[in-house]
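This report concerns only the one structure given below.
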Amino acid sequence: MLRSILLALSQSPRTARFVIHNNLSRRVVRRFVAGEHLDDAVAAVRALNQAGRLASLDCLGESVATEDEARRAAAAYSGMFDRIASEKLICNVSLKLTQLGLDMSQPLCEELLAGIVNRAAGQGNFVRIDMESSAYTDRTIDICKRLRARTDSVGTVVQSYLFRTEQDARGLIAAGCRLRLVKGAYKEPATVAFPQKSDVDANYVKVMKILLTSGIYHGIATHDPRMLDATRQFATEQGIRNEQFEFQMLYGIRTDLQEQLIREGYRLRVYVPYGSDWFPYFMRRLAERPANLRFFLSNLFRRG
Ligand SMILES: Cc1cc2nc3c(=O)[nH]c(=O)nc-3n(C[C@H](O)[C@H](O)[C@H](O)COP(=O)(O)OP(=O)(O)OC[C@H]3O[C@@H](n4cnc5c(N)ncnc54)[C@H](O)[C@@H]3O)c2cc1C
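Under this note's numbering, the first residue of the sequence shown is numbered 1, with each subsequent residue one higher.
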């Protein structure tokens with residue numbers, strides 16, 4: 001219920017205006033977002049790399065309204081690869097297709113994405129296409145497969161809350177795509193997604209096993225200790241080595257578990273979002289965990 005309300009509010013321009021212009025909420029947001037500028041994010045990635053963690057940079061933004069905005073986002077992403085190379089960071093890039101204009105024009109979006117992926121390929125780097133709501137799943141998968149036919153510098157995400165995901169994962173693996181497995185962060189109807197968390201979790205474990213035995217390097221993205229245990233146990237049973245896959249977590253979340261995985265010798269990539277358009281990302285993080293909402297509200301009331 002609370003999750004649904006928060007996810008609905010994440011689409012509300014009025015709530016966005018209130019939260020974004022509140023200095024106190026901006027401070028709380030810094031727990032989940034590396035900063036407003038690329039320099040902030042680069043500093044965060046440098047620190048993560050020094051602590052033995054890989055990273056993925058995300059310049060926050062989604063559903064742009066003009067071609068100009070989409071082109072500006074694409075230029076920012078292309079520029080990131082030069083910065084990653086010059087700073088010698090161990091870091092790839094994650095992006096959303098709606099930020100590249102998918103809602104306006106699929107050809108424009110594909111053209112911009114192809115440019116970014118070419119730049120990544122030129123530097124031996126990688127672009128992960130984040131998965132947005134189920135309205136975009138088909139198009140995201142089609143676009144990813146088309147580009148994957150030209151280069152292995154691109155991959156995408158599958159969400160275990162969707163009924164269709166096992167089939168999607170098999171199709172993407174057949175196309176050679178590297179995948180990130182997540183539970184899914186959007187508000188989806190019961191016609192397309194498992195309403196019960198236990199089913200989402202069971203499907204997560206099922207798809208994790210498909211990914212780990214596929215012979216392709218994938219990312220298992222979760223902060224859920226039970227999903228982490230299931231993955232470690234399955235990898236051990238199957239003789240899958242630590243360097244054949246990676247765990248992934250979000251910046252600022254369960255840093256205790258992040259440290260533990262590194263100590264145990266696993267690969268861990270941290271998703272590092274930055275930028276001023278942080279509102280929908282922040283609301284999805286609140287929706288995932290009621291304690292985050294309490295933390296946010298108590299900060300507002302204590303200092304407000
Ligand atoms: C690297 C990465 C990339 C992602 N990319 C996408 C994407 O492209 N598309 C998409 O739909 N979703 C994406 N997600 C979000 C994902 O779908 C889930 O919403 C999110 O990871 C929470 O699910 P969970 O697996 O951590 O388990 P949950 O069952 O939600 O949580 C398990 C436990 O993890 C901890 N936890 C989880 N979330 C939080 C939080 N926000 N704050 C503090 N603790 C928390 C808590 O201890 C909680 O009890 C991504 C997640 C990660 C880690």
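For each residue, glycine too, the CB sits at the ideal point set by N, CA and C.
The structure displayed is predicted, hence computed values, not measured ones.
CA-to-CA distance, residue j to residue i, given in whole angstroms
i	j	result
Ile253	Phe32	7 angstroms
Arg83	Ala174	33 angstroms
Met80	Gly61	15 angstroms
Ala120	Tyr77	10 angstroms
Pro13	Ser134	21 angstroms
Leu57	Pro195	31 angstroms
Ala8	Arg46	35 angstroms
Arg180	Cys109	21 angstroms
Ala185	Ala85	31 angstroms
Leu147	Ile216	17 angstroms
Leu286	Val93	23 angstroms
Ser27	Asp256	Note that residue 27 is Arg in the sequence shown, not Ser. So the alpha carbons of these two residues sit roughly 22 angstroms apart.
Asn292	Tyr251	14 angstroms
Arg101	Ala65	In the sequence as displayed, the identity of residue 101 is Gly instead of Arg. So the two alpha carbons sit approximately 7 angstroms from each other.
Lys145	Glu246	22 angstroms
Arg30	Gln244	32 angstroms
Tyr281	Leu6	11 angstroms
Arg178	Leu212	11 angstroms
Ile160	Ile129	Reading off the sequence, residue 160 comes out as Ser, not Ile. So the alpha carbons of these two residues sit roughly 16 angstroms apart.
Asp40	Ala34	6 angstroms
Lys209	Gln248	16 angstroms
Asp103	Ser63	7 angstroms
Arg72	Phe234	43 angstroms
Arg289	Gly124	36 angstroms
Arg53	Glu264	13 angstroms
Gln260	Ala51	12 angstroms
Cys59	Val42	12 angstroms
Where residue i falls, given that 16 or more other Cβ within 10 Å makes a residue buried
i	result
Met1	exposed
Ser4	exposed
His37	exposed
Thr140	buried
Pro273	buried
Gly155	buried
Asp68	exposed
Asp138	exposed
Ser153	buried
Gly171	exposed
Thr98	buried
Gly305	No statement about residue 305 is possible, as the shown extent of the chain runs from 1 to 304 and does not include it.
Gly219	buried
Arg269	buried
Ala305	Because the chain is modelled from 1 through 304, residue 305 falls outside the range shown and cannot be assessed.
Ala190	exposed
Ala149	exposed
Ala55	buried
Gln258	buried
Asp201	buried
Coil, strand or helix - residue i by DSSP
i	result
Gln233	helix
Ala120	helix
Arg14	helix
Ser305	The question about residue 305 has no answer, for the chain in this structure spans 1 to 304.
Phe126	coil
Arg269	strand
Met249	strand
Below-7 angstroms beta-carbon distance, residue i vs any chain C residue
i	result
Gln99	Among the protein chains of the structure shown there is no chain C, as only one such chain exists.
- Ranges of the alpha helix (DSSP H) found wholly within the segment 22-63, counting only runs of at least 4: 23-29, 38-50
- Starting from the N-terminal side, write out each stretch of the alpha helix (DSSP H) that is 4 residues or longer and does not extend beyond the segment 143-202. 165-174
- Complete runs of the beta strand (DSSP E) confined to the segment 201-228 [at least 3 residues]: 218-221
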